Amino acid sequence: MNTARQAWVILASRYLRELYRQPVVIFITLTQPVIWLLLFGELFKNVTEIPGFGGGNYATYLTPGVVIMTALFACSWTGMAYIDDMQTGVMDRFLTAPVGRGALTGAMLAYQAVITIIQSAIVIAMGWAIGATFPGGAAGIAALIAVAVLIALAMAGLSIWFALLTRQREALIGASTTLVMPLTFLSGAFLSLRLAPGWISAIARFNPVNWAASAGRTAVASHPAWATIGSYAGFLALALAATAVAATTAFRTYQRSA
Amino acid sequence: MSQGSAIVEAEGLRKTYKGDVHALDGLSFSVPAGRVFALLGPNGAGKTTTVRILTTLARPDGGSARVAGIDVLAHPGRVRSVIGAVSQHSSAVSLLTGRENLALQGKMHGLRGRALRRRVSELLEQFGLAEAAERPVRTYSGGMRRRLDVATVLVHRPAVLFLDEPTTGLDPEGRADLWAALTGLAGDNGTTILVTTHYLEEADQFAARVAIVDRGRVVADGTPDELKAGLRGDSVVLELADPGQVELAEKALAPVSEVRGVAADGTVLRARVADGPRALPAILAGLDASGVTARSVTVARPSLDDVYLHHAGRSFRNAEGIAIS
Chain L
0 MNTARQAWVI
10 LASRYLRELY
20 RQPVVIFITL
30 TQPVIWLLLF
40 GELFKNVTEI
50 PGFGGGNYAT
60 YLTPGVVIMT
70 ALFACSWTGM
80 AYIDDMQTGV
90 MDRFLTAPVG
100 RGALTGAMLA
110 YQAVITIIQS
120 AIVIAMGWAI
130 GATFPGGAAG
140 IAALIAVAVL
150 IALAMAGLSI
160 WFALLTRQRE
170 ALIGASTTLV
180 MPLTFLSGAF
190 LSLRLAPGWI
200 SAIARFNPVN
210 WAASAGRTAV
220 ASHPAWATIG
230 SYAGFLALAL
240 AATAVAATTA
250 FRTYQRSA
Chain H
0 MSQGSAIVEA
10 EGLRKTYKGD
20 VHALDGLSFS
30 VPAGRVFALL
40 GPNGAGKTTT
50 VRILTTLARP
60 DGGSARVAGI
70 DVLAHPGRVR
80 SVIGAVSQHS
90 SAVSLLTGRE
100 NLALQGKMHG
110 LRGRALRRRV
120 SELLEQFGLA
130 EAAERPVRTY
140 SGGMRRRLDV
150 ATVLVHRPAV
160 LFLDEPTTGL
170 DPEGRADLWA
180 ALTGLAGDNG
190 TTILVTTHYL
200 EEADQFAARV
210 AIVDRGRVVA
220 DGTPDELKAG
230 LRGDSVVLEL
240 ADPGQVELAE
250 KALAPVSEVR
260 GVAADGTVLR
270 ARVADGPRAL
280 PAILAGLDAS
290 GVTARSVTVA
300 RPSLDDVYLH
310 HAGRSFRNAE
320 GIAIS
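Following this line, the structure appears as C-alpha cells:
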C-alpha cells in the first residue's frame, strides 16, 4: 500500500507534470500513431483481397495492430528517462530518498500505462473514422486497450532493465530499434499470418507482440473468444511480471557497480 | 577514534572495482554531531565512493558504517529517512519549477498539506530562491541549482547532510554563498554536514574537522589547527623566477640539512623545516650555489598542503595530477 502511494507521488508530482510542460512531446505522442494508421492503411489497402487473407475491411484488421505497435514503440524508449536520470544527479536523489525501488518502477510503468491508454483511444477513434468496425463493442475495445497496456508495460520493464544494466543511450537505441521492428513484423499486426511463410507463423506463436495483436483483434471482433483472449492476456501478464521484477532488481546491480 | 557523540562512523571500509582498482583500502573515520566535517583529498582518493556507501548508494566489499546510530548495510531504508545527500551533479528535475522540486521531495518523505507548503516556502526563502520559485529549474544558474539541490534534501530536516564536491564548477560568489548557507545550517540547526572537497583552502576555512584521504585511506584527521600544529615547524615558500629551474632548485635543496621535504607546485616550492628563520640562510646559500634565482621567499606556518605532503608523502597537486591522468 505504501509502495502504491509512493509510486503515485512520483507519477503525479513528477512524470505527469513533466509531460504537461512539454507540449511538443504531447503533440508527437498523439499524432504519431495516427500517421502509422493512415500510412499503413493506404499502403496495404488492397491486401485483404489476397486469397487466404479472409477478406473484409483492412482498416478493421489494421487498427488493433497499430494500437499494439504504437504501445510497443513508445514504451521501448522508457529506459531513456532512466539514463538521463543516471547522468544527472536525479537518480541518486530518488535512491537516497525513502522510496522503495518497486515504487520507482511502478511510477514509470503507471506513466507508460497512461500514455498507452490515451494513444490507444486515439488510434481506435481514428480507425473508426477511416472505416474500421468494432463489433465486439465497448467490452472488446476495453480488452484491446488492456492488452496494449500489458505488452507496453512488459516492453517498458525490459527497456528499464536494459538501461540500468548498460547505462548507455546508444546501447538502448540500438537494442530498441533492433528488437521492436522484428517483433512487430513477426506478428499478425499488419498481415494475416495465414499469408506468412511457415517459419514466421511458427516464431509468431512465441512472440508476445503477436499474443497482444491476436488477443486485441479477437476482442473487438464479433463474438469475442474470451477464453483465448484471457489466456493470451495471462501470458502477457507473466511477461510483464518478469520484466518488472528484472527492472526493479537491476537497481541493485546499478548500486553494486556504481 | 570512536567518540561518544559520533553521528557518522566508518570502520575499515573496503571497495574494489573491476580491474583491481582499490577505491577504498580500510578507510575509517568518525564525525562529531553538529559540525562541518570535510573529507579532503585529491581526485580519485576515494571520497565519492565513501559518500556513496554512507548514503546507501553503494555497498562496500568490507567494513561497516553507521549513520545516526543506524547500520548503513543492515538498514539502508532507515538511513535514508535521516539523511540528505547532494551528489556532484544537479539532482533537480529540470522541467519542474524550484517549488515543485521541493514539494516532490517533501512528498517522498511523507510530508503533505499545509506542513509541506510551509516547509517548501521556508526553504525557498532561506536559500534565496523565493523569486525564482515558479520558474523551471532549467532556467536557473549553476549557483541557484546548487542551492536548490541543498534545499531539496533538507526538506525533511535530516540529521546529517552529505555533499559530494558541492562547490566544484561554481564561481567564487556561488561558492561563498553556498558555504555561508552550510555553515549557517551547522551553526543554527545543529545539522551535521559531511562534505568532500579537493579544495584545501575550503576545508581549512570552513570545516570544524578534516579527515585527509589518500589512496582509499584516512591518513590524518583532526581540526585544521590540530593538523597543522601536529607538523611542528614551518614552511619556506620559494617562488622561482624561471620555471625551468624548478628541478635544479629541488636538487639544490635536497642536501640542505635543515630541509625535511620539498614539494613543487608550478614555480612555487615549499620546503618543510623545523624553524623557518633559522633555516633560511642555509636554503638561500644552497640556491645561490646552484645559480637559482628566487622571485620571493617567505616563511609560513604550515598549511593543509604541508599536512597532506607530510602524511601522503607527495604534494597535493601532484597527487591530483596523477589521479586525473
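Chains as they are written, first to last, in numbering that gives the first Met the number 0: chain L, 0 to 257; chain H, 0 to 324.
Virtual Cβ for every residue (Gly too), placed ideally from N, Cα, C.
Predicted model only: the values in this text are computed from it and were never measured.
Between V89(L) and V92(H), how many whole angstroms is the CB-CB distance? I'm expecting something under 8 Å. 6 Å
Taking only beta-carbon atoms, is D148(H) less than 9 Å away from chain L? yes
Between the alpha carbons of A32(H) and A238(L), how many angstroms are there, rounded? 49 Å
Checking contacts by CB at 9 Å: is S80(H) closer than that to chain L? yes
I need the DSSP call for S86(H), collapsed to helix, strand or coil. coil
Within its chain, find whatever has a CB closer than 6 Å to the CB of G223(H); leave out the 5 residues flanking it on each side and keep chain order. Note that residue 223(H) is Pro in the sequence shown here, rather than Gly. Cβ neighbours of P223(H) beyond the five flanking positions: D203 and V209.
Which two residues bound the contiguous alpha helix (DSSP H) that contains V404(H)? The question about residue 404(H) has no answer, for chain H in this structure spans 0 to 324.
Find the residues of chain H that neighbour V98(L), judging by a C-beta separation of less than 8 Å, and give them in chain order. M107
So which residues of chain L does G76(H) contact, with C-beta pairs closer than 7 Å? P97
Of all the CB atoms in chain L, is at least one closer than 9 Å to the CB of E201(H)? no
If the cut-off is 8 Å on Cβ atoms, which residues from the region 103 to 121 of chain L count as contacting chain H, listed in chain order? none
Cα separation between V159(H) and L286(H)? 50 Å
Of the choices S12(L), A241(L), A236(L) and T247(L), whose alpha-carbon is the least far from that of L95(H)? S12(L)
Once you ignore the five residues that flank I323(H) on each side, which residues in its own chain have a CB closer than 7 Å to its CB? At I323(H), the pLDDT of 43 sits below 50, so the modelled position is not reliable and the matter cannot be decided from this model.
Which runs of the beta strand (DSSP E) fall wholly inside the region 251 to 311 of chain H and span at least 3 residues, in chain order? 258 to 264, 267 to 272 and 293 to 299
How about I202(L) and L190(L): do their beta carbons lie closer than 9 Å? no
Which residue marks the beginning of the beta strand (DSSP E) containing A5(H), and which one marks its end? A5 to Y16
Per DSSP, E238(H) forms a beta bridge with which residues? V267(H) and S295(H)
Starting from I330(H), trace the beta strand (DSSP E) both ways and give me its first and last residue. Beyond the ends of chain H as shown, which are 0 and 324, falls residue 330(H); an answer cannot be given.
Mind checking if P135(H) is an interface residue toward chain L, Cβ cutoff 9 Å exclusive? yes
Along chain H, which residues have their Cβ under 9 Å away from the Cβ of T28(L)? The contacting residues do not exist; T28(L) stays about 15 Å from chain H at best.
Does the CB of G88(L) have a neighbour CB from chain H at under 9 Å? yes
With a cut-off of 9 Å, does the C-beta of S120(H) fall near any C-beta of chain L? no
With 16 other Cβ atoms within 10 Å as the buried cut-off, status of Y16(H): exposed
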